[in-house]
Amino acid sequence: MDLTHFTFEVDGAGVATVLMDRRDERMNTLGPALFDDMNTILDRLEHDDEIVAVVWGSAKPDNFLAGADIRFFQTLTDAKTAEDAIKATHAMFARIEALHTERGKPVVAAIHGACLGGGNELALTASMRIATDDPKTQLGQPEVKLGVIPAGGGTQRLPDLIGIAAALDLILTGRSLRPHKARKIGLVDEVVPPQVLLDVARTRALEATTAKPDGGSIKSFLSPDHLQQLALEQNPMGRRVLFKKAEERMLAETHGNYPAPQRALEAVKIGVEQGHEAGYAAEARFFGELVVSPESKALRSIFFATQELKKDPGVDGKVEPKEVRKVGILGGGLMGSGIATVSALKAGSTVRIKEIDDAGIDRALAYVHRNVDKLRRRRRVRDFEAERLMHKVTGTTDWSGFENVDLVIEAVFEDLSLKRKLLAEAEGVVPDDAVFASNTSSLPISSIAEGAQRPELVLGMHYFSPVEKMPLLEVIRAERTSDVAVATAVAYGKRQGKTVIVVGDGTGFYTTRILAPYSTEAAFLLEEGASVEAIDRAMVKWGFPVGPMLLMDEVGIDVGAKIAKIMVEAYGERMAGPTMMERLIDADRRGRKNRKGFYRYDDKGERDGVDESVYEVLGLGPRRDIPAAEIQERLSLAMINEAALCLQEGILRSARDGDIGAVMGLGFPPFRGGPFWYVDEVGAAEIVDRLDALAERFGERFAAAQILRDHATSGERFRS
Numbered sequence: 014m015d016l017t018h019f020t021f022e023v024d025g026a027g028v029a030t031v032l033m034d035r036r037d038e039r040m041n042t043l044g045p046a047l048f049d050d051m052n053t054i055l056d057r058l059e060h061d062d063e064i065v066a067v068v069w070g071s072a073k074p075d076n077f078l079a080g081a082d083i084r085f086f087q088t089l090t091d092a093k094t095a096e097d098a099i100k101a102t103h104a105m106f107a108r109i110e111a112l113h114t115e116r117g118k119p120v121v122a123a124i125h126g127a128c129l130g131g132g133n134e135l136a137l138t139a140s141m142r143i144a145t146d147d148p149k150t151q152l153g154q155p156e157v158k159l160g161v162i163p164a165g166g167g168t169q170r171l172p173d174l175i176g177i178a179a180a181l182d183l184i185l186t187g188r189s190l191r192p193h194k195a196r197k198i199g200l201v202d203e204v205v206p207p208q209v210l211l212d213v214a215r216t217r218a219l220e221a222t223t224a225k226p227d228g229g230s231i232k233s234f235l236s237p238d239h240l241q242q243l244a245l246e247q248n249p250m251g252r253r254v255l256f257k258k259a260e261e262r263m264l265a266e267t268h269g270n271y272p273a274p275q276r277a278l279e280a281v282k283i284g285v286e287q288g289h290e291a292g293y294a295a296e297a298r299f300f301g302e303l304v305v306s307p308e309s310k311a312l313r314s315i316f317f318a319t320q321e322l323k324k325d326p327g328v329d330g331k332v333e334p335k336e337v338r339k340v341g342i343l344g345g346g347l348m349g350s351g352i353a354t355v356s357a358l359k360a361g362s363t364v365r366i367k368e369i370d371d372a373g374i375d376r377a378l379a380y381v382h383r384n385v386d387k388l389r390r391r392r393r394v395r396d397f398e399a400e401r402l403m404h405k406v407t408g409t410t411d412w413s414g415f416e417n418v419d420l421v422i423e424a425v426f427e428d429l430s431l432k433r434k435l436l437a438e439a440e441g442v443v444p445d446d447a448v449f450a451s452n453t454s455s456l457p458i459s460s461i462a463e464g465a466q467r468p469e470l471v472l473g474m475h476y477f478s479p480v481e482k483m484p485l486l487e488v489i490r491a492e493r494t495s496d497v498a499v500a501t502a503v504a505y506g507k508r509q510g511k512t513v514i515v516v517g518d519g520t521g522f523y524t525t526r527i528l529a530p531y532s533t534e535a536a537f538l539l540e541e542g543a544s545v546e547a548i549d550r551a552m553v554k555w556g557f558p559v560g561p562m563l564l565m566d567e568v569g570i571d572v573g574a575k576i577a578k579i580m581v582e583a584y585g586e587r588m589a590g591p592t593m594m595e596r597l598i599d600a601d602r603r604g605r606k607n608r609k610g611f612y613r614y615d616d617k618g619e620r621d622g623v624d625e626s627v628y629e630v631l632g633l634g635p636r637r638d639i640p641a642a643e644i645q646e647r648l649s650l651a652m653i654n655e656a657a658l659c660l661q662e663g664i665l666r667s668a669r670d671g672d673i674g675a676v677m678g679l680g681f682p683p684f685r686g687g688p689f690w691y692v693d694e695v696g697a698a699e700i701v702d703r704l705d706a707l708a709e710r711f712g713e714r715f716a717a718a719q720i721l722r723d724h725a726t727s728g729e730r731f732r733s
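First residue of the sequence shown: 14, per the working numbering; consecutive thereafter.
Put into structure tokens, the structure is as follows:
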């Protein structure tokens, strides 16, 4: 056969091995480009009587099938075209399934690496799934993260295979599973080392030609969990409860802002209650509606921006980053310990932590150990690997061990004199070509580097807490920072598993700067009579993960107050909030950390409703109703306008980086695409009109950025 994207061979026993290998692409992705080859292969598999069984795998070294080709989604400009494309995929997958259900030819999916979205749906058409125990191997249906639903039969076949509840959990959350977990829930039949995957798959395929179907494992069928699942899912009343609970959980999570999970739930329900034919039809129809929706377009814009940033070195031109093997970290607190964790676990570096005393070192090492142990317990690393990882991280109270570091990351609190002192001391110890990075959230790098011996090697690496979970890294380039230093920080951030944006120097850089007016406006609303819960509820409904008042508690009211003072000194009165907020500091209300903030906290630090006494501390009277729409507009536009100013002033390299920074660093609603995507969708002229109306009511702090006025006049988009 003349194949472009597959290899095909048949052994002497009649087992055909089909390996996907999309030409000129690192990853296998599903799209029309593969369909001609697939049709040719299926014609052969269906009609060649010498072929008795099939193994379907991948020739790529690190992925099975990573999902649909998202670029193809961009060509689907109307719902009907998209629906027809899904129906063609349904027909293709049905032919694979029919090989074993109708023609008696077992099909074994041999899975190594990413098996996601359409890849997982292809695997579901097989009669057996065997996966490798490699860390790269994961299975799941992440489509809702792109604003669509599993449309290659996932809403129908997955519930059949693993049960409705387990299927809904994967489909509605978009989370992926490691091989052993996938085997535990029945998604995978066997887990093997990568070296023997194809051999085992061929053996199982041949064995299946003579084995009698047993309908699954007797042990699994009789397990208490399975019997409980059957009791719930095999009767109408139980299913009604199950779907109701799933919908409640979904709406509590999405607040109705994401249509894809709702449609996915409907498709599963239709298939269960009306049969698969109706379910497949609904799946195709819903996909057609969703792929052209503004939410999906916004989510895809984030996906493409993230992919672009993976290839972006952070500098113009070709610059080789310095190799980073050993990292020195100054400060072993929450941030320093988190940076040490990702440096050892993800970047594979040797890490040396400097603290002021042995107790600080012990706390830092314990933090890293907890994260390593968590991976061990989840079987992400073996016992010997966990021990090796811990040996990579050591601590000291002096500068010993820093004489051969490649990168120093300073992670002490926001004190300019302390940061300058540590930089000066470090320059006397570390190699002359070592890069020095400050994990500052507000202080200009040029100020920290003032008086440095090698200012060209000084920059900022602003991480977000908790470091091991938050995806963004903001690299800050000062005027004198070299290209090599920037390229080194960007490359190392990627090794740590971060999405990296490079921003210009200036107080607050980008993320802290745009958060400041957002938080300040929340304080003004509080002063005007809005309640704490009304402000937070409005912004969570708009799409933020938490509201601004709770965020202040989490960050620390004292920390926020210190940063606010720095911002006012840099940008003047437009950044100034109401003076009443100073009373919180006087009353020692620091938020969750001392269990005194806008909310109440129990002895364990768990939140327990709004602390009504906060209004008295602030000198405020009774609360009044301010419409949620006004709260949402004032807070969102305060942030968006500041983002535009950052682009206008060259703090941002691009609107793309501004969107990624806001979404991944601050929780700007992903379904809105980021500040600049949101302006494009609403229209710059409309945004300017709204800002002008707010400026008329509240003054200069809402004065529209000139770049917004320019785009309002020209009609030009910020993002393509």
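We treat Cβ as the ideally placed atom computed from N, Cα and C, and that holds for glycine. The structure displayed is predicted, hence computed values, not measured ones.
Rounded to the nearest whole angstrom, the CA to CA distance from Val-692 to Gln-87 is 20 Å.
Around the CB of Ala-543, 16 or more other CB atoms lie within 10 Å, so the residue is classed as buried. The beta carbon of Asn-607 sits closer than 8 Å to those of Asp-601, all from its chain and outside the five residues before and after it, given in chain order. Just so you know, the alpha carbons of Met-263 and Ser-306 end up roughly 19 Å apart. Exclusion of the five residues before and after Pro-274 leaves Val-157, Leu-185, Met-263, Thr-267 as the residues of its chain whose Cβ lies within less than 7 Å of its Cβ.
Gly-176 counts as buried, since at least 16 other C-beta atoms from the protein chains shown sit within 10 angstroms of its C-beta. C-alpha of Ser-649 to C-alpha of Ala-311: approximately 17 Å in a straight line.
Contact between His-125 and Asp-97 does not hold, since their C-beta atoms are separated by about 32 Å, which reaches or exceeds 8 Å.
With distances taken between CA atoms, Gly-327 lies nearest to Lys-507 out of Asp-91, Lys-507, Val-355.
Non-local C-beta neighbours of Thr-409 in its own chain, meaning closer than 6 Å and more than five positions away in sequence, comprise Lys-367, ordered along the chain.
The C-alpha of Arg-170 is placed about 18 Å away from the C-alpha of Leu-255. In the DSSP assignment, Phe-19 falls within the beta strand (DSSP E) that extends over 19-23. The segment 32-41 makes contact with the segment 72-92; the number of CB pairs closer than 8 Å reaches 3 or more. For the 8 Å CB-CB criterion, Asp-670 and Arg-732 do not form a contact. Taking the C-beta atoms as reference points, Ala-95 is found no nearer than 8 Å to Met-33. Residue ranges of uninterrupted alpha helix (DSSP H) with 4 or more members, entirely inside the segment 452-494 and ordered along the chain, are 458-461. DSSP places Thr-102 in the uninterrupted alpha helix (DSSP H) bounded by 92-114.
Residue state for Thr-520 is assigned as coil, using DSSP reduced to three classes.
Residues Ala-657, Leu-660, Gln-661 of the same chain have their beta carbon placed closer than 7 Å to that of Ile-720, with the five preceding and five following residues left out of the count. Taking one beta carbon from each stretch, the segment 614-628 and the segment 524-537 have fewer than 3 pairs nearer than 8 Å; the two do not touch. Restricting attention to Lys-197, Lys-100, Arg-36, Val-65, the CA atom closest to the CA of Phe-299 is found in Lys-100. With contacts defined as CB atoms closer than 8 Å, Met-593 and Gly-521 fail to qualify as a contacting pair.
Note on the segment 620-655: whole beta strand (DSSP E) runs with a minimum of 3 residues are 620-623, in chain order. If you check the CB distance, Lys-432 and Leu-470 do not come in under 8 Å. Between Arg-392 and the set Met-677, Thr-150, Thr-20, the nearest pair of CA atoms involves Thr-150.
Along the segment 668-705, the alpha helix (DSSP H) occurs as fully enclosed runs of 4 or more residues at 668-679, 688-695, listed in sequence order. According to DSSP, residue pairing for Met-141 in a beta bridge involves Val-121. DSSP places Lys-367 in the uninterrupted beta strand (DSSP E) bounded by 363-367. As summarised for the segment 129-210, the continuous alpha helix (DSSP H) elements at least 4 residues long and confined to that stretch are 131-137, 167-175, 177-186, 192-197, given in chain order. Selection Tyr-380, Ala-127, Arg-703, Asp-15 evaluated against Ala-642 yields Arg-703 as nearest (Cα-Cα). In the DSSP assignment, Glu-662 falls outside any beta strand (DSSP E) and carries neither an H nor an E.
Within its own chain, the residues whose Cβ lies closer than 6 Å to the Cβ of Leu-388, once the five positions on either side in sequence are excluded, are Val-394, listed in chain order. By the Cβ criterion, the segment 558-575 is not in contact with the segment 434-450, since fewer than three pairs of Cβ atoms, one from each stretch, lie closer than 8 Å. In this structure Val-120 is buried. Its beta-carbon is surrounded by 16 or more other beta-carbon atoms within 10 angstroms. Cβ-Cβ separation between Val-201 and Val-213: approximately 12 Å, too far for a contact (criterion under 8 Å). Residue pairing of Arg-613 in beta bridges, as defined by DSSP: Lys-609.
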